[in-house]
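Report on one structure; see the data block that follows.
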Amino acid sequence: MNTIVDAPESLKAGTYQQAVADACGRIAPNWPLDRLIAVNPWWTLRNRTMPDTAALLGALSGARMLMPTDYFEERRQKEIQSRHLQQAARLLSLDVNESDLLDHLRQKTSPRRWMNVTSWMDRLQGVAHRMSWQDETVHQMSQTCAMVFQTAERNVQNQTSTFDLYHTWLETIQHDSGLEILMGEQGLLDIFKTLPRDYNTLIDFALHDLAAGSRHVPEYLHALLLDINGWASWVAYQEWQQQLQGNVHFSLMPQLLAVRLAWEWVLWRHCALNHRELQPKLRDYWSEQWPTLPTLIAAHAEQQRLRWCWQLANELAYGESLCTQLRKTPPAPRQTPVQLQAIFCIDVRSEPMRAALEAQSDAIQTKGFAGFFGLPIAVNELGSDCYEPNLPGLLAPQIQVRNAALNGANLAKKRNRQARLSTMSDGPASTFSLVESLGLGYALKLARDTFFPPRIDHAGHLQPPRTGWLLERAGTPLSAEDTAEMLSRILRAIGLTSHFAPTVLLVGHGSTTRNNAHAASLNCGACGGQSGLTNAQILADLLNTPMLREHLAGLGIAIPEKTQFVPALHNTVTDDIDYPENLLPDTLTTWLTEACKLARRRRAPALGLKTMDDAQLHRALERRARDWSELRPEWGLANNAAFIVAPRSATRHLDLQGRSFLHDYDWREDPNSAVLEQIMTAPMVVTQWINMQYYASVVDNLHYGSGNKMLHNVVGGHIGVFEGNGGDLRIGLPMQSLHDGQSRRHEPLRLQVYIAAPESAIFAIYQRHETIKNLIDNQWLTLFGWQPESGQIRQLFLDHWRNVE
Numbered sequence: 001m002n003t004i005v006d007a008p009e010s011l012k013a014g015t016y017q018q019a020v021a022d023a024c025g026r027i028a029p030n031w032p033l034d035r036l037i038a039v040n041p042w043w044t045l046r047n048r049t050m051p052d053t054a055a056l057l058g059a060l061s062g063a064r065m066l067m068p069t070d071y072f073e074e075r076r077q078k079e080i081q082s083r084h085l086q087q088a089a090r091l092l093s094l095d096v097n098e099s100d101l102l103d104h105l106r107q108k109t110s111p112r113r114w115m116n117v118t119s120w121m122d123r124l125q126g127v128a129h130r131m132s133w134q135d136e137t138v139h140q141m142s143q144t145c146a147m148v149f150q151t152a153e154r155n156v157q158n159q160t161s162t163f164d165l166y167h168t169w170l171e172t173i174q175h176d177s178g179l180e181i182l183m184g185e186q187g188l189l190d191i192f193k194t195l196p197r198d199y200n201t202l203i204d205f206a207l208h209d210l211a212a213g214s215r216h217v218p219e220y221l222h223a224l225l226l227d228i229n230g231w232a233s234w235v236a237y238q239e240w241q242q243q244l245q246g247n248v249h250f251s252l253m254p255q256l257l258a259v260r261l262a263w264e265w266v267l268w269r270h271c272a273l274n275h276r277e278l279q280p281k282l283r284d285y286w287s288e289q290w291p292t293l294p295t296l297i298a299a300h301a302e303q304q305r306l307r308w309c310w311q312l313a314n315e316l317a318y319g320e321s322l323c324t325q326l327r328k329t330p331p332a333p334r335q336t337p338v339q340l341q342a343i344f345c346i347d348v349r350s351e352p353m354r355a356a357l358e359a360q361s362d363a364i365q366t367k368g369f370a371g372f373f374g375l376p377i378a379v380n381e382l383g384s385d386c387y388e389p390n391l392p393g394l395l396a397p398q399i400q401v402r403n404a405a406l407n408g409a410n411l412a413k414k415r416n417r418q419a420r421l422s423t424m425s426d427g428p429a430s431t432f433s434l435v436e437s438l439g440l441g442y443a444l445k446l447a448r449d450t451f452f453p454p455r456i457d458h459a460g461h462l463q464p465p466r467t468g469w470l471l472e473r474a475g476t477p478l479s480a481e482d483t484a485e486m487l488s489r490i491l492r493a494i495g496l497t498s499h500f501a502p503t504v505l506l507v508g509h510g511s512t513t514r515n516n517a518h519a520a521s522l523n524c525g526a527c528g529g530q531s532g533l534t535n536a537q538i539l540a541d542l543l544n545t546p547m548l549r550e551h552l553a554g555l556g557i558a559i560p561e562k563t564q565f566v567p568a569l570h571n572t573v574t575d576d577i578d579y580p581e582n583l584l585p586d587t588l589t590t591w592l593t594e595a596c597k598l599a600r601r602r603r604a605p606a607l608g609l610k611t612m613d614d615a616q617l618h619r620a621l622e623r624r625a626r627d628w629s630e631l632r633p634e635w636g637l638a639n640n641a642a643f644i645v646a647p648r649s650a651t652r653h654l655d656l657q658g659r660s661f662l663h664d665y666d667w668r669e670d671p672n673s674a675v676l677e678q679i680m681t682a683p684m685v686v687t688q689w690i691n692m693q694y695y696a697s698v699v700d701n702l703h704y705g706s707g708n709k710m711l712h713n714v715v716g717g718h719i720g721v722f723e724g725n726g727g728d729l730r731i732g733l734p735m736q737s738l739h740d741g742q743s744r745r746h747e748p749l750r751l752q753v754y755i756a757a758p759e760s761a762i763f764a765i766y767q768r769h770e771t772i773k774n775l776i777d778n779q780w781l782t783l784f785g786w787q788p789e790s791g792q793i794r795q796l797f798l799d800h801w802r803n804v805e
């Protein structure tokens, strides 16, 4: 096999190493389906302002970070008032009036964008009667990645030195004899056969020909990765996981980039050798485009400039209504002995349930805390060697947990078989591929499930308190002292160190759906896409252990002997709260039952279920949970808009409409602001990820959402989905999670954070953490200091506080 010509003497190995590293560092990770968590797809660009990022991405790929003008015309009719536009213009230092802003909405043209070699070839050759080079490049790379990652993922995770994405692709493409036939291009395969065996060499050679001397190489390479952003996001996830495990040198992204760059270089050379009449035009267009890249980016920035004013005005309209609520004076607290304390996840779906539960009695107190309950764990519930992380994706598990009762090999095999069958039967392709594989017998089961769906087992999976959990750190059992220290940190972060109620309910949450590839996205994001039940059970069991309570007392937290911690699960589809049987007094069970009914009644209109009594409504919601054809079993975290960090007493009297993440916090019990620092550097970042995933999936579902879930095909069992049978790997949320078929269910607003704490404490944390400073100063979220007693609300921005109008 021939090899490519030798490189010029002026080309040194690694010439473009920094440009490659820069481009590869711009892609955010995307988690697999079985651990799916919300991710800000622009996370790696947070050191730029959001408008600058929008201009860059618009110029490089055509991706959008703002809604079209029609959307703001619609919002003008509903929410955005003249005062909001005027205030937004002042905050953005824009010298415009309302007439200018209205004129902007009538402008429908968009600036041109950067074009890669594949796109220029499509323009020169035309695509009316042939497959485009752009589509074939993405399709071929995507199909190869799907094959490679589903067969070699174990190598990626455990044997990194033996995995080579570039070599695998090269072997595949060099033996693809159908490629020339498909594209109608003779000689194409010969050029692929001359590519270097080393991906770094290919990068150097290709960039020498395509981009020699340009200072915009990182932007060009970024544009190439954006062409295959879904798989780039999967590769970024692999690198993220390796870095969490301490393997900082693991790198796959340059290999993926080399594959995409190889297509560019091959087409460049193919045009020179086999389309000599086109080659001069391609060379001229290509060389003329490079120096214009800053102009392209500037044109996109200018075109978006006034639309960012509309976006901010829309956010100000929401913030005005929320601030009006937050300034309401709470009623004087009633001196009622607390009989039930319920700790919920900060998830926006918990807020309506908390309000419904609190409405039952003044003797009920609820608190909001991250749904993994502060346990930095990976859990083995199958008795095998498999540990599943049950904590936010930002963190690496520090402790391994298993139960002594689940060590039997037979039990592990049984549960694994059940899990495999459940995965197959609940997978999105089950109606076709699984029936085809298993035959008519399974088709009959599918018909039975359609007309007689299985019932939901509410409390059967919840176990009474036990003490069989085995906690280990790096293979060494965790001592009672260390365990108590961990529990002490958790209770202090929750704000529960005294005045314990007789019953403390730890409420995890999960979602019951079938035939839903994105089912994990409806579970607890703080638990890595798992249900929060396991964490609730483990924490309840540990806190009920007498020996650990003795150690906690020595650490200053005395739990009364009569206090019992009880695990529970909030099913966010049916709005049931399940808990172990016969553990709660009748009064408490009545409160929980009535709270669930109230929550269901309040949520019914959003699901189109209005004229039903309580029993009918419950049955209808259970049908949604059991129905394999249901596209919208629930609305998840749609319409999230705010993160409120404050004592519940400051918001208990408010109707927050299920749009706010609520984290309990009392600064008076946090003298050194250590808990506040944890909240701002972890839960606040997680909620920003959630907010941005919904935002991105709405503003540009083509690039950052997963399209129509009716067309989804799961890749590799859990890697992700294709929409149809090809194209790029899709990331983000499907349209059915955002739109009900008639109207939008999520308004794309940047997260508004309200913290009830001294401004000095907030400011000190803001200055210490670059990530937090970037999120605030670069307009990825808005942060306010809130004083509930006086009603004062001020915004932190660019190292100073400014009053809120």
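First residue of the sequence shown? That's 1 in full-length UniProt numbering, and the numbers climb one at a time after it.
All residues carry an ideal CB built from backbone N, CA and C; glycine is no exception.
None of these values were measured; they are calculated from a predicted model.
Close Cβ partners of Val-645 (< 6 Å) along its chain, the five nearest in sequence each way excluded: As a working mapping, residue 645 is identified with position 645 in the sequence shown. Closer than 6 Å at Cβ, skipping near neighbours: His-663, Tyr-665, Ile-679 and Ile-755.
Check whether Gln-398 and Arg-473 have beta carbons under 9 Å apart: What you label residue 398 is simply residue 398 of the sequence shown in a count that begins at 1. What you label residue 473 is simply residue 473 of the sequence shown in a count that begins at 1. A contact, by the Cβ cut-off of 9 Å.
Residue environment, Lys-108, which counts as buried when at least 16 other CB atoms sit within 10 Å: One-based indexing of the sequence shown puts residue 108 at position 108. So Lys-108 ends up on the exposed side.
Supposed close pair Leu-101, Leu-306 - CB separation, criterion 8 Å: One-based indexing of the sequence shown puts residue 101 at position 101. One-based indexing of the sequence shown puts residue 306 at position 306. Their Cβ separation, rounded to whole angstroms, is 6 Å, which keeps Leu-101 and Leu-306 in contact under 8 Å.
DSSP three-state assignment for Ser-82, whether helix, strand or coil: As a first step, residue 82 must be located in the sequence shown, where it is residue number 82. If DSSP states are grouped into helix, strand and coil, Ser-82 belongs with the helices.
Touching by the beta-carbon criterion (3+ pairs, under 8 Å), the region 67-84 and the region 286-293: no
Separation of Thr-49 from Tyr-579, as counted between CA atoms: In the sequence shown, residue 579 corresponds to position 579, counting from 1. In the sequence shown, residue 49 corresponds to position 49, counting from 1. If you take the alpha carbons of Tyr-579 and Thr-49, they lie about 46 Å apart.
Neighbourhood of Thr-160 by C-beta, 8 Å cutoff - its chain only, sequence neighbours within 5 removed: Residue numbering aside, residue 160 sits at position 160 when the sequence shown is read from its first letter. For Thr-160, the predicted model reports a pLDDT of 45, less than 50, meaning its position is unreliable; a value from the coordinates is still stated below. So the list reads Gln-242, Asn-247 and Phe-250, once near-sequence residues are dropped.
Cutoff 6 Å; reference Pro-389; Cβ partners in own chain excluding five residues on either side: In the sequence shown, residue 389 corresponds to position 389, counting from 1. The answer, listed in chain order, is Ala-378, Pro-397 and Gly-528.
Segment contact flag, the region 611-631 with the region 716-723, C-beta cutoff 8 Å, min 3 pairs: no
Three-state secondary structure (DSSP) of Glu-747: By one-based count along the sequence shown, residue 747 stands at place 747. In the structure shown, Glu-747 sits in coil (DSSP, three-state: anything other than H, G, I, E or B).
Met-680 CB to nearest heavy atom of the ligand GDP below 8 Å: As for the ligand GDP, it is missing from this structure, which has no ligand bound.
Span of the alpha helix (DSSP H), counted from its first residue to its last, around Ser-233: Locating residue 233 in the sequence shown gives position 233, where the first residue counts as 1. Note, Ser-233: alpha helix (DSSP H), 229-244.
Residues near Leu-124 by beta carbon distance below 7 Å, same chain, minus five either side: As a position in the sequence shown, residue 124 is number 124, starting the count at 1. Only Leu-278, Lys-281 and Leu-282 meet the Cβ criterion.
Endpoints, the beta strand (DSSP E) within which Cys-527 is located: Walking along the sequence shown from the start, residue 527 turns up at place 527. It is not in any beta strand (DSSP E) - Cys-527 carries neither H nor E in the DSSP assignment.
Runs of alpha helix (DSSP H) lying entirely within the region 712-800, each at least 4 residues, in chain order: 759-768 and 770-777
Bridge partners - Gly-707, DSSP secondary structure assignment: Position 707 of the sequence shown holds residue 707. In the DSSP output, where bridge partners are listed per residue, Gly-707 has Pro-734.
Cβ-based burial, Arg-802 [other Cβ within 10 Å; buried from 16]: Mapped onto the sequence shown, residue 802 falls at position 802. Exposed, since its Cβ has fewer than 16 Cβ neighbours within 10 Å.
Buried versus exposed call for Ser-422 [16 or more other C-beta atoms within 10 Å across all chains shown]: As a position in the sequence shown, residue 422 is number 422, starting the count at 1. Unreliable positioning characterises Ser-422 in this predicted model, as indicated by a pLDDT of 45, which lies under 50. A coordinate reading is not provided.
Local Cβ density within 10 Å of Gly-658, reported as buried at 16 or more and exposed below that: Mapped onto the sequence shown, residue 658 falls at position 658. Looking at its Cβ environment, which holds 16 or more other Cβ atoms inside 10 Å, Gly-658 is buried.
Alpha-carbon spacing of Pro-29 relative to Trp-591, whole angstroms: Along the sequence shown, read from residue 1 onward, the residue named residue 29 stands at position 29. Along the sequence shown, read from residue 1 onward, the residue named residue 591 stands at position 591. Whole-angstrom Cα-Cα distance: 42 Å.
Buried/exposed call for Asp-700, threshold 16 Cβ in 10 Å: Sequence index remark: in the sequence shown, residue 700 carries index 700 (1-based). Asp-700 comes out buried.
As assigned by DSSP and simplified to three states, the class of Ser-99: Position 99 of the sequence shown holds residue 99. Here Ser-99 sits in helix by DSSP.
CB-CB length for Gly-359 against Leu-221, believed under 8 Å: Position 359 of the sequence shown, counted from the first residue, corresponds to residue 359. Position 221 of the sequence shown, counted from the first residue, corresponds to residue 221. The residue you asked about is not Gly; residue 359 is Ala in the sequence shown. Actually they are not in contact, since the Cβ atoms of Ala-359 and Leu-221 sit about 56 Å apart, beyond 8 Å.
Cβ neighbours of Glu-351 in the same chain (closer than 7 Å, five flanking residues each side left out): In the sequence shown, counting from the first residue as 1, residue 351 sits at position 351. Leu-656, Gly-658, Ser-660 and Leu-662.
Cβ neighbours of Lys-597 in the same chain (closer than 7 Å, five flanking residues each side left out): Residue numbering aside, residue 597 sits at position 597 when the sequence shown is read from its first letter. Asp-614, listed in sequence order.
Neighbourhood of Asn-403 by C-beta, 6 Å cutoff - its chain only, sequence neighbours within 5 removed: Counted from its first residue, the sequence shown places residue 403 at position 403. Within the same chain, Asn-403 has close Cβ partners Gly-468 and Trp-469.
Boundaries of the beta strand (DSSP E) in which Cys-345 is found, first to last residue: Here residue 345 refers to the residue found at position 345 when the sequence shown is read from its first residue. Note, Cys-345: beta strand (DSSP E), 340-345.
The beta strand (DSSP E) enclosing Ser-321, as first and last residue numbers: Locating residue 321 in the sequence shown gives position 321, where the first residue counts as 1. Unbroken run through Ser-321 is the alpha helix (DSSP H), 293-326; no beta strand (DSSP E).
Pro-748 beta carbon less than 9 Å from that of His-518: Here residue 518 corresponds to residue number 518 of the sequence shown, with the count starting at 1. Here residue 748 corresponds to residue number 748 of the sequence shown, with the count starting at 1. No, the Cβ-Cβ distance between His-518 and Pro-748 is not below 9 Å.
Three CB pairs or more closer than 8 Å across the region 701-716 and the region 206-216: no
Endpoints, alpha helix (DSSP H) assigned at Gly-554: Here residue 554 refers to the residue found at position 554 of the sequence shown. First-last of the alpha helix (DSSP H) with Gly-554: 546-554.
Given 8 Å, three or more beta-carbon pairs between the region 216-230 and the region 55-62: yes
Test item: CB-CB of Thr-782 and Val-753 under 9 Å: Stepping through the sequence shown from its first residue, residue 782 is reached at position 782. Stepping through the sequence shown from its first residue, residue 753 is reached at position 753. Yes, Cβ-Cβ distance for Thr-782 and Val-753 is below 9 Å.
Residues near Arg-603 in its chain [Cβ-Cβ closer than 6 Å; skip 5 each side]: As a first step, residue 603 must be located in the sequence shown, where it is residue number 603. There are no such residues.
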